[in-house]
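Below: one structure, written as C-alpha cells.
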Amino acid sequence: MKIPSESEWRAWAGWDALPEFPLPTAGRAVVIAAHPDDEVLGFGGSLSLLAASGLDLTVITVTDGGAGSPNSPAI
C-alpha cells in the first residue's frame, strides 16, 4: 500500500464535505487513547488548539502498547 504524500492529502476533494467539530474554548478536556501515540496521531492538532485555548487537558492511555508491534525491535 502506497502512503499518500502531504500534497496528495491536501489535494483530496473530500475535505470541504467534512463537518466541523467545534472545540471548547474554556474548561477541561479528557482524551482517552487506546494505545500510546494514538492521541497524537488521531487528535494531535485538536490537542494543540485546546492547549492554546488554555484548557486543562488530561490524556489517558489505556494500554502500554507492549503488544502493539510484537515483531518490532526494542528502541
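Numbering (the numbering used here), first residue to last: 1092 to 1166. Glycine included, C-beta positions come from ideal geometry on N, C-alpha and C.
A1131 - containing alpha helix (DSSP H), residue span: In the sequence as presented, Ala is not what sits at residue 1131; that position holds Val. Counting along the chain, the alpha helix (DSSP H) containing V1131 begins and ends at 1129-1143.
Below 8 Å on the Cβ atoms is my contact criterion, and I expect L1146 with P1115 to pass it. Report the Cβ-Cβ distance as a whole number of Å. 7 Å
Taking contact to mean at least 3 C-beta pairs separated by less than 8 Å, is the segment 1103-1110 in contact with the segment 1123-1142? no
Quick check: what's the CA-CA separation for V1122 versus V1150? 5 Å
For E1111, is the classification buried or exposed, using 16 other Cβ atoms within 10 angstroms of its Cβ as the cut-off for buried? exposed
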